[in-house]
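To convert, note that position 134 of the sequence shown is 161 in my numbering; the numbers rise steadily by one, no gaps.
Backbone N, C-alpha and C define an ideal beta-carbon position, used for all residues, glycine too.
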Amino acid sequence: MKKALILAALPFALAAVPAAAQVTPDTETYAIALSGSVASNCELIPEGSGSYNVDMLNQGNQGALVIAYSCNSPYKVSLTSANGGMKNVTSNGAVNIDYDVEASFLGFGATTTNSATMHNTPKTIVTNTDWQNILTNGGVRHGNLDLSFDNAGEFAVAGDYEDTLTITLAAQL
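This is the structure we're talking about:
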């Protein structure tokens, strides 16, 4: 009977003894990779194409052009001249009168770029590297064009003249 009592008390005695090994709590995770995007959006006003009749006998201000622009990222505004000046197409380019383009922001920060230096090579007139103030990430530039007669042989040469001045607004991502 003594044996039976000891065996009957054994389960209670084992329950009171702490376990020698700890059980590690189970942990599981699920990581979700989130992604999204916003398309680049730059606006130039006016945009597309237009034309302007240049007074080939006037060295002074040929008039003013106002452009407005904005971009939801950093950006550059640049100018490019297809011919490097007002090319006399009648003479097959024997005369090419360069011109200066002045651009300023509300009369401040004026830059002057010559058509010869922007011949097929964009010349930057505005750079904005700001990622923060996207709602105000834009501006207005006011500019004019002045013909440059570098020698007397260019002035008043008969013929038809042409060039394409391209204004480019480009996001810098």
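Give the straight-line distance between the Cα atoms of residue i and residue j, rounded to the nearest whole angstrom.
i: residue 127; j: residue 121; result: 20 Å
i: residue 198; j: residue 112; result: 27 Å
i: residue 178; j: residue 123; result: 11 Å
i: residue 166; j: residue 52; result: 60 Å
Buried or exposed: which applies to residue i, given that a residue is buried once 16 or more other Cβ atoms fall within 10 Å of its Cβ?
i: residue 79; result: exposed
i: residue 97; result: buried
i: residue 104; result: buried
i: residue 170; result: buried
Determine the extent of the beta strand (DSSP E) in which residue i is found, giving its start and end residues.
i: residue 107; result: 102-108
i: residue 81; result: Where residue 81 is concerned, there is no enclosing beta strand (DSSP E), given that its DSSP letter is neither H nor E.
i: residue 159; result: Residue 159 -> no beta strand (DSSP E), and no H or E assigned at all.
i: residue 131; result: 126-132
i: residue 72; result: 69-72
i: residue 201; result: The first residue shown for the chain is 28 and the last is 200, placing residue 201 beyond what the model contains.
i: residue 96; result: 88-98
Going by Cα to Cα distance, which pick from the options is closest to residue i?
i: residue 175; options: 156, 149, 189 and 142; result: 142
i: residue 150; options: 87, 130, 135 and 156; result: 130
i: residue 183; options: 86, 63, 65 and 51; result: 86
i: residue 2; options: 194, 102 and 189; result: Since the first and last residues shown for the chain are 28 and 200, residue 2 lies out of range.
i: residue 194; options: 116, 163, 93 and 64; result: 93
If you measure from the beta carbon of residue i to each beta carbon in chain C, is any gap under 8 Å?
i: residue 189; result: Absent from the structure is chain C; it holds one protein chain and no more.
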